[in-house]
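What follows is a short report on a single structure.
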Amino acid sequence: MTLLNVSHWRQRQPADCLAACGAMILHYLQVPFRYESLVELLEVKYYGAPFSHIHKLATMGLFVTSKEWGGIPQLEQYLETGLPIIANVNTKELPYWDREANHVIVIIGIEGDTIFLNDPAFDEAPQRVPLAEFLLAWDEQYQQYGVIGLDQIE
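Residue numbers for the sequence shown follow the numbering used here, beginning at 240 and rising by one.
Dropping the structure here:
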């Protein structure tokens with residue numbers, strides 16, 4: 240599988256991972272935005288923002304869907320249609336993290352037993368993660384994910 244060409248954005252503050260992931264998706268969709276406006280729209284506080292605030296992006300004329308217990312086949316389906324996914328994870332299970340946090344990342348591809356993530360907390364992208372380790376991190380957050388598109392999302 241080819242990785243989606245999603246530009247990596249670093250989060251500007253320790254708790255604005257949802258805004259940084261939103262920025263990656265909006266840039267990919269070629270939707271104009273200001274990062275500071277995303278932080279405000281998503282109501283990011285010093286401790287972060289609830290994952291459910293992803294739906295606030297619909298006020299920009301976008302289609303947003305989010306679900307729990309999605310499963311890898313669902314993620315692969317979105318990726319095959321060219322849609323990157325924002326996933327809610329617990330970092331303690333990710334091999335490149337050294338501390339635990341609730342966090343969101345952007346999935347840009349799955350190939351065999353490897354998943355490719357744009358993680359806004361790190362400069363390096365994409366992160367290559369064994370699928371089994373990603374699943375542990377994702378399971379901790381009920382396999383919660385969100386997809387943002389210009390058109391209705393199935």
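Just so you know, even glycine gets a beta-carbon here, dropped at the ideal spot from N, CA and C.
- Excluding residues up to 5 positions away in sequence, N329, T330, K331 lie with their Cβ nearer than 7 Å to the Cβ of E339 in the same chain.
- For G388, the three-state secondary structure derived from DSSP is strand.
- Boundaries of the beta strand (DSSP E) harbouring H342: 341 to 350, taken from the DSSP string.
- Straight-line spacing of the CA atoms in Q269 and F355 works out to 21 Å.
- Closest in alpha carbon position to A254, among N341, S305, L280, L389, is N341.
- Here A262 is not bridged, per DSSP, to any residue.
- Secondary structure within the segment 293 to 381: the alpha helix (DSSP H) runs of 4 or more consecutive residues, fully enclosed, are 311 to 319, 370 to 378 (chain order).
- For V245, no alpha helix (DSSP H) run applies, since DSSP gives it neither H nor E.
- Of the candidates P271, E350, G309, D358, the residue whose Cα lies closest to the Cα of L257 is D358.
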